[in-house]
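Just so you know, the protein sequences line up as chains A and B, in that order.
Residues are numbered in my numbering as their position in the first sequence, beginning at 1, plus a constant of 1.
Mapping the second sequence onto my numbering, position 51 (from 1) lands on 32, and the numbers just tick up by one.
No residue lacks a Cβ here, since even glycine has one placed at the ideal position from N, Cα and C.
Comments concern the structure below.
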Amino acid sequence: MNYGFVNQDQLEDIDNTLKEDLVDIGVECVMLIDMAGNTIAKCDNGKCTVDTYAFAALAAGNYATVDAMAKLVGETEFSLLFHKGEKASIHFSKVNEELLLITMFNKELSLGFLRLKVVEVIEKIRNICGQTKVSAT
Amino acid sequence: MAFINIRNKEVQVKIVYYGPGRGGKTSNLEYINDKYRQRIKTEMVSLKTHGDRTLFFDFLPFDIGQIKGYEVKIQLYTVPGQVKYNATRKLVLKGVDGIVFVADATKERRESNIQSLNQLHENLKSYNLDLFKIPFVMQYNKMDLKKSDIPVLPVEILQKDLNSRLRAPAFEASALSGGNVAVTLKRIIALTMTSIQKELL
Ligand SMILES: Nc1nc2c(ncn2[C@@H]2O[C@H](COP(=O)(O)OP(=O)(O)OP(=O)(O)O)[C@@H](O)[C@H]2O)c(=O)[nH]1
Ligand SMILES: [Mg+2]
């Protein structure tokens, strides 16, 4: 497959961490997308009706735009991207050069707690992706 | 590059409609969106200005069913054609698997077509992609204007300007009425899937 770094076992591990560390603590929907707008993994609480394909396309574009703006003002990147709404909020974080983690959550979850969990999950995903391929897929 | 998910047995393929401003890229997607409602499960996303010019991109997911047991999701994008938006065009090209070049066949746009194609060549290079190797279809749009007073370039000239070295499949089209829009789409999907299929198990 094209992405040398995500095989079947890795995808399963990623799904598990998205569910256990984010959805189970109250995140409504979490997606791992690549910078081209593909959805790599997705997990939600069963109540999420977001059109994930369109969302991934927009999120990748949004991230790339903000990233380009950061460079224009002399930053290497803006590490936190956060959009707050009346009920729903969206949090973006970069996992590595290719991957972006997006979490959608409501006001019952505090941003501080979410950020802690997101940092953990990103660390786990990096570890999973860093693993050498165990089986040929 | 296509994302192949071996777990859900799903392939996501990115096809980009590229070309000079006002050439008819968005019109191609709008026609497809109208004509193939049953294959499109969600709304078309258009990021545009009040004047209907594409500001960032249009996005239209298109299901073609299964190939080798994989559910194939074609994701159609357009770039903004206006000269000033090249940074945005580059962003949209990231991860592209196949390209339709929508040329504007009207005489006054002759130079714009050539410039846009040259810039595409450069933009692809920045991703280490080669215009001569990527799945590619040429579309000469607005051919319906031959019946009007507006001067339209003959296909021979368009071929010579834009396709003499590429030798890509080329179609005369009219995105407004839908002429050859589906034919263009089918051909780029076929070419792109052929190049990806080797990687499906
Ligand atoms: N006569 C004719 N007009 C067309 C055709 N295709 C598009 N147009 C018209 O050309 C204009 C521009 O079309 P768009 O589809 O918005 O062009 P675009 O390439 O998306 O333009 P940008 O978003 O600025 O890059 C519109 O007024 C269309 O109605 C065609 O086949 N024939
Ligand atoms: Mg447009």
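Distance from the CA atom of A/G86 to the CA atom of B/A84, rounded to whole angstroms, is 41 Å.
The residues A(-17), I(-15), Y51 and V53, in chain order, have a CB closer than 6 Å to that of B/V(-8) in the same chain once the five nearest residues on each side in sequence are set aside. In terms of beta-carbon proximity, A/A37 lines the interface with chain B, with at least one pair separated by less than 8 Å. Approximately 15 Å separates the beta-carbon atoms of B/V133 and B/L143; this is outside 8 Å, ruling out the contact. Only exposed fits B/Q96, as fewer than 16 other CB atoms lie within 10 angstroms of its CB. In this structure the stretch 32 to 47 of chain A lies against the stretch -7 to 5 of chain B, because at least three pairs of beta carbons, one per stretch, are closer than 8 Å. B/Q19 is bridged by DSSP to nothing; it lacks a bridge partner.
Here B/I13 is buried. Its C-beta has 16 or more other C-beta atoms within 10 Å.
Within the DSSP secondary-structure output, B/G79 pairs in a beta bridge with B/I(-4). With respect to B/N122, B/A149 sits apart: the two C-beta atoms are not nearer than 8 Å.
With respect to B/A151, B/M119 sits close: the two C-beta atoms are nearer than 8 Å.
Counting along the chain, A/I123 sits inside the alpha helix (DSSP H) bounded by residues L112 to G131. According to the DSSP assignment, B/Y121 belongs to the beta strand (DSSP E) that extends over F117 to N122.
With the criterion set as a beta carbon lying under 7 Å from some beta carbon of chain A, the members of the stretch 71 to 83 of chain B are L72, K75 and G76, in sequence order. Neighbourhood of B/V26 in chain A, by CB distance below 7 Å: A55, A58 and L59, in chain order. At a Cβ-Cβ threshold of 8 Å, B/I170 and B/F117 do not count as neighbours. Here the C-alpha atom of B/E11 lies approximately 10 Å from the C-alpha atom of B/F40. At a threshold of 7 Å, B/N122 counts as near ligand 1, since its beta carbon sits closer than that to one of the ligand's heavy atoms. At a cut-off of 8 Å between beta carbons, A/A69 contacts chain B. Judged by their CB atoms, A/T53 and A/V122 are not nearer to each other than the 8 Å cut-off.
Of all C-beta pairs linking the stretch 112 to 129 of chain A to the stretch 76 to 94 of chain A, three or more are shorter than 8 Å, placing the two stretches in contact.
For B/Y12, the three-state secondary structure derived from DSSP is helix. Under the 8 Å Cβ criterion, the stretch 99 to 112 of chain A counts as touching the stretch 59 to 66 of chain A, having at least three qualifying pairs. Under the 8 Å criterion on CB atoms, B/P61 is classed as non-interfacial with respect to chain A. For ligand 1, a non-hydrogen atom lies closer than 7 Å to the CB of B/K6. For B/N104, the uninterrupted alpha helix (DSSP H) segment begins and ends at R91 to K106. DSSP places B/T173 within a helical segment (H, G or I) once states are collapsed to three. Interface annotation, A/G62: in contact with chain B, CB-CB separation under 8 Å.
8 Å or more divides the Cβ of B/K6 from the Cβ of B/G46.
Residue range T40 to D45 is occupied by the beta strand (DSSP E) that includes A/D45.
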